[in-house]
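Here is the structure we will look at.
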Amino acid sequence: MPEGHTIHRIARDHNRWFAGNRVLIASPQGRFESEANRLSGKTLQRVDAHGKHLFYRLGPKQTSKQQLVHIHLGLYGKFRVHKNPPPEPRGAVRIRLIGNDRTFDLNGPNCCEILSKPGYEKLQERLGEDPLRSDADPERVWNKFQKSRSAIGTMLLNQSVIAGIGNVYRAELLFLLGMHPERQTKSLSKSEFDELWQLTVDLLNVGVKYNRIITVDRKSANKPLSRLKSKERLMCYKKPTCVRCDAAIRKWTLGARTMYACETCQT
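Given below as structure tokens:
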């Protein structure tokens, strides 16, 4: 499933390519046909991201009169972007959105719906703080950490606490901090939490910039980050041995996902 950096990168790109365009919307697959008919011909004002969720605002500039399309890619959702004129739709295209210069096709999303204002507010209440958003409040996250008996490796996947962290980032964050994934969340000191939060912000922003997860220290990389191969970008995730001490990386299930950690370096 795409992690938060991917969703924010999509929002950034779609804003650049489509915001301000009077767009045509269709549903070649047919599962979004009635909604597409209601939306087609409206102006796409902007695209927002929160965690793993995308929000497309269409209609007049007044927010109260706009219609909101909510998309969650899930495991199989994928956007394809084409220069106009676009090719024939490929596969089960839920949405085709045609702008001035480009078109995107959306295949296989977990969720694709028009959200009412109450529906949007209810969804926002379920989502935690997004480290990539300027309105994120880390103190709210800290307050939840202080009360939680769950393992930090489980807590980092809880989208109602921090929105946008997935399985790769949680392994990499905890490795870089030398923190054992099974350590109780409430045992973190405020300084440890602050370091975790700032590292999360920094790494997710790197991910948005390069459109891929990169956690190696740019000072130790022997080439530009944009030229790193996939196996060179990460420190711990799916590695057989620790890059620091050469001990075996332990692999086990934590929070219903596969965890990777060096139990020599992470205590």
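Residue numbers (my numbering): 132 to 398.
All C-beta atoms in this analysis are idealised placements derived from N, C-alpha and C, irrespective of residue type, glycine included.
Self-check item: For I344, the three-state DSSP class (helix, strand or coil)
Solution: Here DSSP, grouped into helix, strand and coil, assigns I344 to coil.
Self-check item: Three-way DSSP call (helix, strand, coil) for E219 in this model
Solution: DSSP places E219 in coil when its eight states are reduced to three.
Exercise. For I296, I'd like the list of residues in its chain whose CB is within less than 6 Å of its CB, leaving aside the five on either flank, ordered along the chain.
Key: Result list for I296: L287, in chain order.
Quiz item: Taking the Cβ atom as the reference point for each residue, do P335 and L263 lie within a distance shorter than 8 Å?
Solution: Position check: residue 335 holds Leu in this sequence, whereas Pro was assumed. Taking 8 Å as the Cβ cut-off, L335 and L263 qualify as a contacting pair.
Exercise. Could you name the residues that DSSP lists as bridge partners for V178?
Key: Y187, per the DSSP bridge assignment.
Quiz item: For C373 versus T346, is the C-beta distance shorter than 8 Å?
Solution: Not a contact, by the Cβ cut-off of 8 Å.
Self-check item: Within 8 Å, strictly: CB atoms of N298 and R388
Solution: Here N298 is near R388, since their CB atoms are less than 8 Å apart.
Quiz item: Which value, in whole angstroms, describes the spacing of the CA atoms of H203 and L330?
Solution: Going by the C-alpha atoms only, they are around 25 Å apart.
Self-check item: Between the CA atoms of L359 and P240 - distance to the nearest angstrom
Solution: Spanning the two alpha carbons is a distance of roughly 30 Å.
Quiz prompt | Residue span of the beta strand (DSSP E) that contains E260, given as start and end | solution = First-last for E260: undefined, no H or E at that position.
Self-check item: Cβ shell of K173 (< 6 Å), same chain only, five flanking positions each side left out
Solution: The residues L189 and G190, in chain order, have a CB closer than 6 Å to that of K173 in the same chain once the five nearest residues on each side in sequence are set aside.
Quiz item: Cα-Cα, which of T234, A157, I226 and Y391 is closest to H145?
Solution: In terms of CA proximity to H145, T234 leads the group T234, A157, I226 and Y391.
Quiz item: Under a Cβ-count criterion, where at least 16 other Cβ atoms within 10 Å of its own Cβ denotes burial, should Y251 be classed as buried or exposed?
Solution: When all chains shown are included, Y251 counts as exposed.
Exercise. Could you tell me whether the segment 148 to 159 touches the segment 339 to 355, using the rule of 3 or more Cβ pairs below 8 Å?
Key: The answer is no - the segment 339 to 355 does not touch the segment 148 to 159, with fewer than three Cβ pairs under 8 Å.
Quiz item: S320: which of A294, L206 and W273 sits nearest, CA to CA?
Solution: Measuring C-alpha to C-alpha distances from S320 to each of A294, L206 and W273 identifies W273 as the nearest.
Quiz item: Going along the chain, which residues of its own chain have a beta-carbon closer than 7 Å to the beta-carbon of Q315, five neighbours each way excluded?
Solution: Its chain contains R280 and A282 as the residues whose beta carbon lies nearer than 7 Å to that of Q315, once the 5 sequence neighbours on both sides are disregarded; these appear in chain order.
Quiz item: In the DSSP assignment, what are the bridge partners of I226?
Solution: Bridge partners of I226: L237.
Quiz item: Using a Cβ-Cβ cut-off of 6 Å (strictly less than) and excluding sequence neighbours within five positions of L237, which residues of its own chain qualify?
Solution: Listed in chain order, the non-local C-beta contacts of L237 below 6 Å within the same chain comprise F210, R225 and I226, local neighbours out to five positions each way being set aside.
Quiz item: When the Cα of N342 is compared with those of S361, C242, E313 and L327, which residue comes out closest?
Solution: Per the Cα distances, S361.
Practice problem: Please confirm whether L206 and I138 have their CB atoms less than 8 Å apart. | Solution: Annotated as distal: L206 and I138, with beta-carbon spacing of 8 Å or more.
Practice problem: Express the C-alpha separation of K350 and L258 in angstroms, rounding to a whole number. | Solution: Roughly 34 Å between the two C-alpha positions.
Quiz item: Is the beta carbon of R271 less than 8 Å from the beta carbon of G284?
Solution: At least 8 Å separates the beta-carbon of R271 from that of G284.
Quiz prompt | Backbone secondary structure at F210 - three-state DSSP | solution = In the structure shown, F210 sits in a strand (DSSP, three-state: E or B).
Quiz item: How is E303 classed by DSSP in three states: helix, strand or coil?
Solution: If DSSP states are grouped into helix, strand and coil, E303 belongs with the helices.
Quiz prompt | Assigned secondary structure, A352 (DSSP; H/G/I helix, E/B strand, else coil) | solution = In this structure, A352 counts as coil in the three-state DSSP scheme.
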